[in-house]
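Just below is one structure, and these are the notes that go with it.
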Amino acid sequence: MSSAIINGKEIGQEIRNSVAERVTRLKEQGLTPGLAVVLVGDNQASATYVRNKQKSCEAIGMFSELIKLPEETTQDALLAQIELLNNREDIHGILVQLPLPKHIDEDTVIATIAVEKDVDGFSPVSVGKMMLGQETFLPCTPFGVMKLLEYSGIEIAGKHAVIVGRSHIVGKPMGQLLLQKDATVTYTHSKTPNLPSFTKQADILIAAVGRANFITKEHVKEGAVVIDVGINRDENNKLCGDVNFSEVDGIASHITPVPGGVGPMTITMLLFNTVQAAENKLALQVKL
Ligand SMILES: NC(=O)C1=CN([C@@H]2O[C@H](COP(=O)(O)OP(=O)(O)OC[C@H]3O[C@@H](n4cnc5c(N)ncnc54)[C@H](OP(=O)(O)O)[C@@H]3O)[C@@H](O)[C@H]2O)C=CC1
Ligand SMILES: Nc1nc(=O)c2c([nH]1)NC[C@@H]1CN(c3ccc(C(=O)N[C@@H](CCC(=O)O)C(=O)O)cc3)C=[N+]21
């Protein structure tokens, strides 16, 4: 029997509809949620993602602005741009597209984003709050994965979640969010010996490796839920995930496709966080 497909496009659309309603209510109160996306250099993949983000904003009535800076932009010039955005009344969320050119220090740039506008949830304060279980913007990709699990009725408490990958934007926060929902969490990475011996134990397996078709049937336990975060190009330049879908299909109970799985959820949660940022600002104004 084939695995149940978790449809990120469909679940994402359902969430976007409710976000769109919140946009309408904000506009009635004279506030249009605004997202600024900062893109440095001309990385092809980044440009595509940025376009998707902008289109998605516009589709639900949000304002979006692209700040496109040349590859040779200095770190100081970028920081100055972020300061401008921090101070703008019409911008509620700021996203600096990663990766940045090598001569720019990502940590310094991210730490400059005002925490109330950090809709990616990457700044040290946002990350710290998330670790402490305090209210904050959650990083969009792991947040989107949590929504996929929730909407698919997959139980997390008591389950063994194994994460492959420990990046700051996906793997690490993913484990933290699953832990908060009472999963038992194992992190694996490039220094993990005998990876299948760990992944085979997973009730919930999260692949965030960045290698096409890396997770094969030898990694997956019968009946596991497999979430494929990877966005890669195969040898034919076709979009594919970290999971070898055709091998794992039938072994997993549930599986996310690429495209149409986690990717659309990342953008959905970015819209969600930006609307939340605008609502937070309105609530503050009402108090004053
Ligand atoms: N769908 C979406 O919305 C998004 C998708 N992505 C995609 O997700 C994937 C991961 O992204 P990201 O986390 O940023 O990538 P990184 O390259 O930052 O991290 C990859 C992680 O995988 C680990 N890894 C690499 N090789 C192996 C191996 N052989 N065995 C076990 N672990 C390994 C690395 O370990 P170590 O730490 O030891 O180096 C690292 O922790 C990419 O394909 C990316 O394009 C990313 C963001 C959003
Ligand atoms: N500051 C920052 N925040 C990010 O969230 C961020 C980033 N930098 N840098 C790059 C990664 C990657 N990422 C994706 C978003 C959407 C899709 C997406 O929409 N994917 C579609 C298809 C896309 C296509 O057709 O190319 C899908 O999987 O169905 C993919 C990947 C966000 N990232």
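Going by our numbering, the sequence shown opens with residue -6, and the numbers climb by one from there.
All residues carry an ideal CB built from backbone N, CA and C; glycine is no exception.
Given the structure is predicted, the values throughout are model-derived calculations rather than measurements.
Under the three-pair Cβ rule at 8 Å, the stretch 135 to 148 counts as touching the stretch 167 to 180. Sequence-distant Cβ neighbours of Ser(-4) in its own chain, meaning closer than 8 Å and more than five residues away, are Val219, Val241, Asp242, Gly243, Ile244, Ala245, Ser246, His247, Ile248. Residue environment analysis places Arg9 among the buried positions, since at least 16 neighbouring C-beta atoms fall within 10 angstroms of its C-beta.
Around Asn237, the same chain offers Asn206, Phe207, Ile208, Thr209, Lys210 as residues with beta carbons nearer than 8 Å, after the five sequence neighbours per side are excluded. With respect to Val155, Cys133 sits apart: the two C-beta atoms are not nearer than 9 Å. In the DSSP assignment, Phe265 falls within the unbroken alpha helix (DSSP H) covering 255 to 280.
Cβ-Cβ distances below 8 Å link Leu24 to Ala271, Lys274, Leu275 in the same chain, with the five nearest sequence neighbours on each side left out; the list follows chain order. At least one heavy atom of ligand 2 lies closer than 8 Å to the C-beta of Pro92.
When the Cα atoms are used, Gly146 and Asn0 turn out to be separated by approximately 13 Å. Annotation for Gly86: the continuous beta strand (DSSP E) segment containing it runs 86 to 89. For Glu58, the beta-bridge partners assigned by DSSP are Ala29. Per DSSP, the continuous alpha helix (DSSP H) segment holding Asp100 begins and ends at 99 to 105. In this structure the stretch 122 to 132 lies against the stretch 94 to 113, because at least three pairs of beta carbons, one per stretch, are closer than 8 Å. Residue state for Asn225 is assigned as strand, using DSSP reduced to three classes. Set against 8 Å, the gap from the CB of Gly86 to the closest heavy atom of ligand 2 is not smaller.
With a cutoff of 9 Å on beta-carbon distance, Leu93 and Val33 are scored as near each other.
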